[in-house]
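Colleague: Below you will find the structure I want to go over with you.
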């Protein structure tokens, strides 16, 4: 999720509801500093405020994560119950 622009109350409410849904359904949420940077990293023309990234598992009996994926999961689990999620500063791409 990217930070909404100041004064954009509709997007803010949308994000609050989306975060609540994700929390209730055990979906990790990572907040980032800028939607434009997130769009570039994902190779998209534009991402308005959030995107859903889904891991497609191979037909393996057990989950096999890369080191980067494990770090991402560890980060999400470490901040799962935080009253306020930290905002990840994305690199300029």
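Residue numbers (the numbering used here): 10 to 102. Where a beta carbon is used, it is the ideal one built from N, C-alpha and C, also for glycine.
For the alpha helix (DSSP H) containing residue 18, name the first residue and the last one.
Modeller: For the purposes of this step, residue 18 is taken as residue 9 along the chain shown, with counting starting at 1. Start and end: 18–33.
Colleague: Can you tell me the Cα-Cα spacing of residue 83 and residue 13, whole angstroms?
Modeller: As a first step, residue 83 must be located in the chain shown, where it is residue number 74. As a first step, residue 13 must be located in the chain shown, where it is residue number 4. Their Cα atoms are separated by approximately 26 angstroms.
Colleague: Where does residue 97 sit, in a helix, a strand or coil, going by DSSP?
Modeller: Looking up residue 97 in the chain shown gives position 88. Here residue 97 sits in strand by DSSP.
Colleague: Within the continuous alpha helix (DSSP H) that includes residue 84, where are the two ends?
Modeller: Here residue 84 refers to the residue found at position 75 when the chain shown is read from its first residue. Run containing residue 84: 76–87, per the alpha helix (DSSP H) assignment.
Colleague: Using the C-alpha atoms, what's the distance from residue 38 back to residue 62?
Modeller: Along the chain shown, read from residue 1 onward, the residue named residue 62 stands at position 53. Along the chain shown, read from residue 1 onward, the residue named residue 38 stands at position 29. Residue 62 and residue 38: Cα-Cα distance of roughly 10 angstroms.
Colleague: The alpha helix (DSSP H) that contains residue 48, what's its start and end?
Modeller: What you label residue 48 is simply residue 39 of the chain shown in a count that begins at 1. Start and end: 44–51.
Colleague: Give the DSSP-derived three-state secondary structure of residue 40 in the structure shown.
Modeller: Taking the first residue of the chain shown as position 1, residue 40 is located at position 31. Three-state DSSP puts residue 40 in a strand.
Colleague: Write down the C-beta distance between residue 106 and residue 41 rounded to the nearest angstrom, noting that I regard them as a contact closer than 8 angstroms.
Modeller: With the chain represented from 10 up to 102, any question about residue 106 goes unanswered, as that position is not in the structure.
Colleague: Using only the alpha-carbon positions, how far apart do residue 85 and residue 100 sit?
Modeller: Numbered from its first residue, the chain shown carries residue 85 at position 76. Numbered from its first residue, the chain shown carries residue 100 at position 91. Each residue's CA atom was taken as its position, placing residue 85 and residue 100 some 19 angstroms apart.
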